[in-house]
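A.B. asks:
Residue numbers (our numbering): 5 to 127.
1) Determine the DSSP secondary structure at residue 103, reduced to helix, strand or coil.
2) With residue 43 and residue 14 assumed to form a contact (beta carbons below 8 Å), what rounded beta-carbon distance in angstroms separates them?
3) Is it right to say residue 125 is buried, meaning 16 or more other beta carbons lie within 10 angstroms of its own, or is it exposed?
4) Can you tell me whether DSSP reads residue 121 as helix, strand or coil?
5) In angstroms, rounded to a whole number, what distance separates the CA positions of residue 97 and residue 54?
6) For the beta strand (DSSP E) containing residue 28, list its first residue and its last residue.
7) In chain order, what residues of the same chain lie with their CB nearer than 6 Å to the CB of residue 17, ignoring the 5 residues before and after it?
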């Protein structure tokens, strides 16, 4: 199972790869990165990702993108560009995501807001 190659579209360099567990039915987010894209894969379980674009000059402004990633679902890489909000929910009992980012973690580089700040039905 590949995650990301240096020749892949969306590859912007390597700074850090990190893993996160997401419990079943746990919803995390909304989070937006200011400078860099996220490159996310789900090698264990299944995770539903929702992206919301509120960038002022974007042709997809106001749109939502919803996908479930994982080995038993769709195994692929999800690239979230800078400035797009993302939230996610665990589907299986054990869910693991890996995120590859082009620079080391910087807590001032991202923004977080509460789940009810963006109107989305997780049903």
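Where is the CB? At the ideal position from N, CA and C, for every residue including glycine.
C.D. replies: Considering the structure as presented:
1) strand
2) 6 Å
3) exposed
4) The answer is helix: DSSP assigns residue 121 an H, G or I state.
5) Going from the Cα of residue 97 to the Cα of residue 54 covers about 19 Å.
6) Careful: residue 28 lies outside any beta strand (DSSP E) and carries neither H nor E.
7) 106
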